[in-house]
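Enquirer: Here you go, one structure.
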């Protein structure tokens, strides 16, 4: 909180910033030492100004301000123009800040709930302008919000500007190319899954044939001792046949899905030149389908 009820900041003849208690109710404290209202105290970088009496069990009062130095280039955008200083002194009421004086105020007593700090400048520049609200800073930055020309849009640039037909055609071509590569990648992935399923089916067929042969051989021996073994083998054979049937159904579904996807994506890419990758994919699909039918 900043007001002229608590303290006054001024520069002395040597240009050094000073602080004076403006006969406030609870006093102003500099580095935890209360100021005498009849005296002016010099400020140095790192000094801390407290409003309200700091408690013994706390390091800071409710409102605390730290004196710092800042580079001129950083604070210049937030300072008033020198030509306007005279007008500001005469036209503004006492509640307005001037380049010569600003005060800081807080609550009338310390608080256990929070501690605040503020920054002031002691490098010879007007102090009050550094204590302005953040909202004023935002207004300045909003006024300086100027749109810069886009790269390539200058009249001196001989190339086509952004948004020209040439750039649009290139963008569309790149989009089609990316879409085509995406379709090819997904199709190859599906084709590899189809190959794996086909290999699993072939392995299952071999196991079924081997199990059928073993069951027949066991039955031909017709030994009572082998009866339990034959039943167990027949059960295993049935499980293998069921698994083979399931794999074949899944394989058929994958084939149909891949063919459907391949047809749909081919229609989406209509008008785009098909290259060796697409032709190779069709050949691989035909080969897999041929192997599945054997």
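Residue numbers (my numbering): 78 to 371.
Where is the CB? At the ideal position from N, CA and C, for every residue including glycine.
1) Answer with buried or exposed for residue 360, where buried requires no fewer than 16 other C-beta atoms within 10 angstroms of its C-beta.
2) Taking C-alpha atoms, which residue in 334, 86, 110 and 144 lies nearest to residue 267?
3) Out of curiosity, what's the CA-to-CA distance linking residue 53 and residue 107?
4) Compare the Cα-Cα distances from residue 94 to each of 331, 286, 146 and 320 and report the closest residue.
5) To the nearest angstrom, report how far apart residue 292 and residue 340 are at their CA atoms.
6) Buried or exposed, going by whether 16 or more other CB atoms sit within 10 Å of the CB of residue 276?
7) Go to residue 91, then tell me how far its beta strand (DSSP E) extends in each direction, as first and last residue.
8) Are there three or more Cβ pairs, one per stretch, closer than 8 Å when the region 273 to 287 is compared with the region 303 to 312?
9) Use the C-beta contact count for residue 332: other C-beta atoms within 10 angstroms, 16 or more gives buried, fewer gives exposed.
10) Rank 89, 84 and 88 by C-alpha distance to the C-alpha of residue 113 and give the top, closest one.
11) Suppose you measure from the CA of residue 313 to the CA of residue 338; what does that come to, to the nearest Å?
12) Thinking residue 98 and residue 104 are a contact (beta carbons under 8 Å), I'd like their distance in whole angstroms, please.
13) Please report the straight-line C-alpha distance between residue 336 and residue 285, rounded to a whole angstrom.
14) Around the Cβ of residue 308, are there at least 16 other Cβ atoms within 10 angstroms (buried) or fewer (exposed)?
15) Just the Cα atoms here: how many angstroms apart are residue 269 and residue 342?
16) Skipping 5 residues on each side, what residues in its chain have a beta carbon closer than 7 Å to that of residue 150?
Expert: In this structure, then:
1) Start at 1 with the first residue of the chain shown, and residue 360 comes out as number 283. By the neighbour-count rule (16 or more Cβ atoms within 10 Å), residue 360 is not buried but exposed.
2) As a first step, residue 267 is located in the chain shown; it is residue number 190 there, counting from the start. Among 334, 86, 110 and 144, the Cα nearest to that of residue 267 is on 334.
3) Nothing in the structure corresponds to residue 53, since the chain is present only between 78 and 371.
4) Numbered from its first residue, the chain shown carries residue 94 at position 17. Answer by Cα proximity: 146.
5) Along the chain shown, one-based indexing puts residue 292 at 215. Along the chain shown, one-based indexing puts residue 340 at 263. If you take the alpha carbons of residue 292 and residue 340, they lie about 45 Å apart.
6) Walking along the chain shown from the start, residue 276 turns up at place 199. It counts as exposed.
7) For the purposes of this step, residue 91 is identified with residue 14 of the chain shown, where counting begins at 1. That residue, residue 91, is in no beta strand (DSSP E); it is neither H nor E in DSSP.
8) no
9) Indexing the chain shown from 1 puts residue 332 at position 255. Residue 332 comes out buried.
10) Position 36 of the chain shown holds residue 113. Of 89, 84 and 88, the residue nearest in Cα terms is 84.
11) Residue numbering aside, residue 313 sits at position 236 when the chain shown is read from its first letter. Residue numbering aside, residue 338 sits at position 261 when the chain shown is read from its first letter. Going by the C-alpha atoms only, they are around 37 Å apart.
12) Stepping through the chain shown from its first residue, residue 98 is reached at position 21. Stepping through the chain shown from its first residue, residue 104 is reached at position 27. Rounded, the Cβ-Cβ distance is 6 Å, consistent with contact.
13) As a first step, residue 336 must be located in the chain shown, where it is residue number 259. As a first step, residue 285 must be located in the chain shown, where it is residue number 208. Going by the C-alpha atoms only, they are around 29 Å apart.
14) Against the chain shown, residue 308 aligns to sequence position 231. That one is exposed.
15) The count along the chain shown starts at 1 and reaches residue 269 at position 192. The count along the chain shown starts at 1 and reaches residue 342 at position 265. Each residue's alpha carbon lies about 18 Å from the other.
16) If you number the chain shown from 1, residue 150 lands on position 73. None.
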